[in-house]
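Residue numbers (the working numbering): 19 to 372.
What follows is the structure, encoded as structure tokens:
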């Protein structure tokens, strides 16, 4: 805390300047420090009516600008000057000035710092009221509110979206924040009798998949040019080998498509997303064995066609429901053999704001 007999210049040099530097502001950069900007207040801004009234002028100590996002104003006082209604009103008026349009008004007198929304009244309680210790500690306390990253996060101009919303409270496109897919049942059938070892392996696969949980880590939902709703998911990959296999087989590019105009909010009339695709595996190719959690060499060429449906509704930006998927495996070396695998389960996907 600065001494009470210090002056305004002392507060600027010993508190304000190092605090702003620690927050990440620097003159002449995208996170700019503007000093002592002169602001003219026309009579209309102050509610004056006479044409003979001259504009009043004020001088803002600091205007902090994050390019393309927003601004905030810092007004510095000497320690002997209290942060009272007049000081707050002065700073808020700078923040509201048409040439500034800042989000926050901040007052600092070396012993106390207060933060106010530019939209609030000077008689309202500050949103932040801190005792000043040292500039670095002050910057650490204010980082989540006034750092350039925080201003970009909280104060960037709202996106204008004229597209048809995907659902109430959701824009015409959205990011997927996360979720899970749970496999509840797995069954298989074969067009021909299999060797006992192959049957045991398929039974083991189905047992392993029952209750198997897949974590959804991200993705997108948006309309295409034909007004279809398309969703693309990304999943957590437990190791590099499985990720390489998924990338090689383009599994991360799979899209789920719905023909509905909007995602339903009615569980009795859900929205259906369809997915189709194919995976081809060549004999001798490295594949990932989910049962043994390791990479193995394919002993036979396999062509796998899959199709599925995810049926659900949205509530509070969470799309949830049930899914079913069918996998048809054929083998060029054994034309008469077909193996069907059917999966059913449930899912819950949280949408964010893009």
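The beta-carbon is built from N, C-alpha and C at its ideal position, and this holds for glycine as well.
Three-state class that DSSP yields for residue 61 in the structure shown
Against the chain shown, residue 61 aligns to sequence position 43. Confidence at residue 61 is low in this model, with a pLDDT of 48, below 50, so its placement is unreliable and no value can be given for it.
How many Å lie between residue 233 and residue 39 at the Cα?
Start at 1 with the first residue of the chain shown, and residue 233 comes out as number 215. Start at 1 with the first residue of the chain shown, and residue 39 comes out as number 21. CA-to-CA, the gap between residue 233 and residue 39 works out to about 41 Å.
Assess, as a yes-or-no matter, whether the stretch 245-262 is touched by the stretch 271-286 under the definition of 3 or more beta carbon pairs within less than 8 Å.
The stretch 271-286 vs the stretch 245-262: in contact.
My assumption, with CB atoms under 8 Å, is that residue 197 sits in contact with residue 365. Please give the rounded CB distance.
As a working note, residue 197 is residue 179 in the chain shown. As a working note, residue 365 is residue 347 in the chain shown. With a contact defined as Cβ atoms closer than 8 Å, residue 197 and residue 365 qualify at about 7 Å.
Under 8 Å by Cβ, that's how I've got residue 165 and residue 239 pegged, so tell me the actual separation to the nearest angstrom.
Sequence index remark: in the chain shown, residue 165 carries index 147 (1-based). Sequence index remark: in the chain shown, residue 239 carries index 221 (1-based). Contact doesn't hold; Cβ gap of about 31 Å is too wide.
Please classify residue 25: does DSSP put it in a helix, a strand, or coil?
As a working mapping, residue 25 is identified with position 7 in the chain shown. In this structure, residue 25 counts as coil in the three-state DSSP scheme.
Three-state secondary structure (DSSP) of residue 43
Stepping through the chain shown from its first residue, residue 43 is reached at position 25. Coil.
Buried or exposed, going by whether 16 or more other CB atoms sit within 10 Å of the CB of residue 244?
Counting from one through the chain shown, the residue named residue 244 turns up at place 226. In the assembly as shown, residue 244 is an exposed residue. Its beta-carbon has fewer than 16 other beta-carbons within 10 Å.
For residue 217, report the span of its alpha helix (DSSP H) as first-last.
Counted from its first residue, the chain shown places residue 217 at position 199. Following the DSSP letters along the chain, one finds residue 217 inside the alpha helix (DSSP H) bounded by residues 214-227.
N- and C-terminal bounds of the alpha helix (DSSP H) containing residue 151:
The count along the chain shown starts at 1 and reaches residue 151 at position 133. Note, residue 151: premise wrong, no alpha helix (DSSP H); not H, not E.
Own chain partners of residue 88 with C-beta closer than 6 Å, once the 5 adjacent residues on each side are dropped
Residue mapping note: residue 88 aligns to position 70 of the chain shown, counting from 1. These residues qualify, in order along the chain: 121, 169 and 173.
Residue 247, enclosing beta strand (DSSP E) - first and last residue
As a working note, residue 247 is residue 229 in the chain shown. Under the DSSP assignment, residue 247 falls in the beta strand (DSSP E) whose first and last residues are 247-253.
For a test of the three-state rule: what should DSSP assign to residue 32, helix, strand or coil?
On the chain shown, residue 32 is found 14 positions in, with the first residue counted as 1. The answer is helix: DSSP assigns residue 32 an H, G or I state.
What does a CB cutoff of less than 6 Å around residue 186 pick up in its chain, not counting 5 residues either side in sequence?
Position 168 of the chain shown, counting from 1, holds the residue named residue 186. A distance below 6 Å between beta-carbons, with the five flanking residues on each side excluded, links residue 186 to no residue of its chain.
What are the boundary residues of the alpha helix (DSSP H) that includes residue 168?
Locating residue 168 in the chain shown gives position 150, where the first residue counts as 1. 166-173 is the extent of the alpha helix (DSSP H) around residue 168.
Helix, strand or coil, according to DSSP, for residue 273 in the structure here?
The sequence position of residue 273 within the chain shown is 255, counting from 1. Residue 273 falls in the strand class under three-state DSSP.
Skipping 5 residues on each side, what residues in its chain have a beta carbon closer than 8 Å to that of residue 100?
The residue given as residue 100 occupies position 82 in the chain shown. Listed in chain order, the non-local C-beta contacts of residue 100 below 8 Å within the same chain comprise 127, local neighbours out to five positions each way being set aside.
Could you name the residues of the same chain whose beta carbon sits closer than 6 Å to that of residue 362, not counting the 5 residues immediately before and after it, in chain order?
Within the chain shown, numbered from 1, the residue matching residue 362 stands at position 344. For residue 362, the CB contacts under 6 Å within the same chain, skipping 5 residues up- and downstream, are 202, 203 and 342 in chain order.
Where DSSP assigns a beta bridge to residue 312, which residues make up the other side?
Here residue 312 is taken as the residue at index 294 of the chain shown, counted from 1. Residue 312 is bridged by DSSP to 307.
To which residues of the same chain is residue 14 closer than 8 Å at the C-beta, ignoring the five residues directly before and after it?
Residue 14 lies beyond the stretch modelled for the chain, which goes from 19 to 372, so this question has no answer here.
At the level of alpha carbons, what is the spacing between residue 265 and residue 272?
Residue numbering aside, residue 265 sits at position 247 when the chain shown is read from its first letter. Residue numbering aside, residue 272 sits at position 254 when the chain shown is read from its first letter. For the pair residue 265 and residue 272, the Cα-to-Cα distance works out to about 11 Å.
How many Å lie between residue 76 and residue 98 at the Cα?
Here residue 76 refers to the residue found at position 58 when the chain shown is read from its first residue. Here residue 98 refers to the residue found at position 80 when the chain shown is read from its first residue. Cα to Cα, residue 76 sits roughly 21 Å from residue 98.
Spell out the partners DSSP gives residue 267 in its beta bridges.
In the chain shown, the residue the question calls residue 267 occupies position 249. Beta-bridge partners of residue 267 (DSSP): none assigned.
Through-space distance from residue 149 to residue 107, alpha-carbon basis:
Counted from its first residue, the chain shown places residue 107 at position 89. Counted from its first residue, the chain shown places residue 149 at position 131. Looking at the two C-alpha atoms, the distance is approximately 20 Å.
Check this for me: beta carbons of residue 359 and residue 206, under 9 Å apart or not?
Taking the chain shown and counting its residues from 1, the one referred to as residue 359 is at position 341. Taking the chain shown and counting its residues from 1, the one referred to as residue 206 is at position 188. Contact: yes.
Secondary structure of residue 104, DSSP reduced to three states:
As a first step, residue 104 must be located in the chain shown, where it is residue number 86. Helix at residue 104.
Residues sharing a beta bridge with residue 360, DSSP
Stepping through the chain shown from its first residue, residue 360 is reached at position 342. Within the DSSP bridge table, the entry for residue 360 names 205 and 344 as partners.
Taking the alpha-carbon of residue 335 as reference, which of 263, 208 and 283 has the nearest alpha-carbon?
Position 317 of the chain shown, counting from 1, holds the residue named residue 335. Closest option to residue 335, Cα to Cα, is 283.
By the three-class DSSP mapping on this structure, what secondary structure does residue 330 have?
In the chain shown, the residue the question calls residue 330 occupies position 312. Strand, per DSSP.
Measure the C-alpha to C-alpha separation of residue 152 and residue 24 and round it to an integer number of angstroms.
Start at 1 with the first residue of the chain shown, and residue 152 comes out as number 134. Start at 1 with the first residue of the chain shown, and residue 24 comes out as number 6. Those two C-alpha atoms are separated by around 15 Å.
Residue 86 to residue 182, Cα distance in whole Å?
The residue labelled residue 86 in the question sits at position 68 within the chain shown. The residue labelled residue 182 in the question sits at position 164 within the chain shown. Separation of residue 86 and residue 182 (C-alpha to C-alpha, rounded to the nearest whole angstrom) is 26 Å.
Hey, would you say residue 117 sits closer than 9 Å to residue 105, going by beta carbons?
Looking up residue 117 in the chain shown gives position 99. Looking up residue 105 in the chain shown gives position 87. Taking 9 Å as the Cβ cut-off, residue 117 and residue 105 do not qualify as a contacting pair.
Between residue 357 and the rest of its own chain, which residues show a CB-CB distance below 7 Å, the 5 nearest in sequence each way excluded?
In the chain shown, residue 357 corresponds to position 339, counting from 1. Only 206, 208 and 347 meet the Cβ criterion.
So, at 6 Å on beta carbons, what are the nonlocal neighbours of residue 123 in its own chain, with the 5 sequence-adjacent residues on each side left out?
Against the chain shown, residue 123 aligns to sequence position 105. If we look at residue 123 and ignore the five residues flanking it on each side, its Cβ neighbours are 91, 109, 110, 113, 134 and 136.
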